Amino acid sequence: MRTRYRMERRALLTGGTALALTAVAGARVPLAQTLDKVSFQTNWRAQAEHGGYYQAVAAGIYRRHGIECEIRMGGPQQNPAQLLLAGRVDFIMSNGFQALNYVREGLPFLTVGAIMQKDPQVLMTHEGNGINSFEDMKGRPILIGASGRVTYWPFLKAKFGFTDEQIRPYTFNVGPFLADRMAIQQGFISSEPFAAQQAGARPRVFLIADAGYQNYQTTIDVSQRMVNEKKDLVQRFVNATIEGWSAYMKGQDVAGANAAIKRDNPEMDDAKIAYAVQVMNQAGIVASGDALTMGIGAMTEARWKSFYEGMRDVGRYPAGLDYAKAYSLEFVNKRVGLA
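Here it is in structure tokens:
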């Protein structure tokens, strides 16, 4: 089922002619000049959670930055990180864990921007059943998928005293959740709660990021070689992407982007897209924290350090890992899109 793979995708290990132009933040390139062609691989089928990239294409933002961007839609049989490592794509959508994996494996790839300041992963239960906090979930059965067990679950164990004995297999549909008013299951804030609502439930949602889980999501990953050899192109791609996300989250002329999302993924409809954008805005998934002052895509050394140390302390990564190699702050924190 679609939901099955959708929830697993975050944990997957997980070109062109140069323009004669000096790179500056937010630079616009005349359309008459040759466009640099790049490919961007998403981590799943088209959806509102990818909206900023589609907006940058549909609204001509990439082209104004001298780029012809091909969005390649992900799916259950694709591993974006493997495609990047093999040189089959220029940029991929990923997450903080993948960036640290590059370092652990000695691979010359890194993250150059983080679109989602908050990981959209949630635990959800039913309103009115007495489960009102993460603390109330201690000792209770929780439906968790395989990827969650190696990403956010160690954080929950350390933070709230959860144990592996609480884990129950996640069936990747809301059926068991609907059948049990005491059920607790994983989900994304922009997806599973909507499905539960459509089935008549009243889900209560707990965003793990709001409990201190610091994983960056929907990151932009690229090879170190491309950063070294085409720095101007990487900067223009990041700037254009940020502008696309800024417009999309504000709902500025997004009809073209949404039409492209629905074209690529017929499972999407206007109601699903509208719900996802609404809750992402309400929860500050894209625009919160550092992004409010430094612009969408913002990252900081302090946050990366905290994320690595937290995952190191729960045994996810070894001590002494040179986590600073996982990312570059050179291309973000420039207040692009804030005006």
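Under mature numbering (1 follows the signal peptide of the UniProt record, and there is no 0), read the sequence shown as residues -27 to -1, 1 to 312, first letter to last. Glycine included, each C-beta is placed from N, C-alpha and C at the ideal position. Given the structure is predicted, the values throughout are model-derived calculations rather than measurements.
Tell me which residues share the same chain as residue i and place their Cβ nearer than 6 Å to its Cβ, disregarding the 5 neighbours each side in the sequence.
{"i": "G(-12)", "result": "Only weak support is given to the placement of G(-12): the predicted model assigns it a pLDDT of 37, under 50, and the value that follows is read from those uncertain coordinates. Only D9 and K10 meet the Cβ criterion."}
{"i": "D14", "result": "For clarity, residue 14 is Gln in the given sequence; the question names Asp instead. Here the set comprises R45, P53, L56, V62 and I65."}
{"i": "Q305", "result": "The sequence shown places Val at residue 305, rather than the Gln named in the question. Hits under 6 Å: G86, G270, A271 and M272."}
{"i": "G310", "result": "I215, E216, S219, G268 and I269"}
{"i": "H23", "result": "T15"}
{"i": "G288", "result": "none"}
{"i": "A233", "result": "Y27 and A31"}
{"i": "G101", "result": "none"}
Would you list the residues sitting across from residue i in a DSSP beta bridge?
{"i": "A87", "result": "T192 and G270"}
{"i": "D183", "result": "According to DSSP, D183 bridges with nothing at all."}
{"i": "T144", "result": "Beta-bridge pairing links T144 to no other residue."}
{"i": "M97", "result": "Q158 and V178"}
{"i": "K10", "result": "E41"}
{"i": "S219", "result": "Answer is none; S219 lacks a bridge partner."}
{"i": "L116", "result": "R141 and Q158"}
{"i": "Y300", "result": "T84"}
Return the Cβ separation of residue i and residue j in integer angstroms, given the expectation that the two are a contact with Cβ distance under 8 Å.
{"i": "F280", "j": "Q190", "result": "Contact flag wrong, Cβ pair sits at about 11 Å."}
{"i": "Q255", "j": "I181", "result": "Contact doesn't hold; Cβ gap of about 16 Å is too wide."}
{"i": "A21", "j": "S163", "result": "7 Å"}
{"i": "F128", "j": "G262", "result": "Between G262 and F128 the Cβ distance is about 18 Å, and since that is not below 8 Å, they are no contact."}
Less than 8 Å between the CB of residue i and some heavy atom of the ligand ADP, yes or no?
{"i": "V200", "result": "In the structure shown, the ligand ADP is absent, as is every other ligand, since no ligand is present at all."}
Who are the Cβ neighbours of residue i in its own chain at under 8 Å, not counting the five residues just before and after it?
{"i": "S301", "result": "L83, T84, V85 and V200"}
{"i": "P149", "result": "L116, A156 and Q158"}
{"i": "A174", "result": "H99, V147, F150 and L151"}
{"i": "A(-5)", "result": "In this predicted model, A(-5) has a pLDDT of only 38, less than 50, meaning its place in the structure is not dependable; the value taken from the coordinates is given anyway. Result list for A(-5): K204, D205, Q208 and R209, in chain order."}
{"i": "R(-26)", "result": "For R(-26), the predicted model reports a pLDDT of 40, less than 50, meaning its position is unreliable; a value from the coordinates is still stated below. Cβ within range, chain order: R18 and E240."}
{"i": "A292", "result": "R285"}
{"i": "D226", "result": "A32 and A220"}
{"i": "I104", "result": "T98, M110, R113, M155, I157 and R177"}
Residues in the same chain with beta-carbon distance under 7 Å from residue i, minus the five sequence neighbours each way, listed in chain order, please.
{"i": "G60", "result": "none"}
{"i": "A213", "result": "A29, I34, Y35, H38 and I40"}
{"i": "A184", "result": "F107 and K132"}
{"i": "Q139", "result": "G112, R113, P114 and I115"}
Counting pairs of beta carbons, one from the segment 149 to 157 and one from the segment 106 to 116, are three or more of them closer than 8 Å?
-> Yes, the segment 149 to 157 touches the segment 106 to 116.
In chain order, each beta strand (DSSP E) run of at least 3 residues that lies wholly inside the segment 31 to 83 | List check, beta strand (DSSP E) in window: 40 to 45 and 64 to 68.
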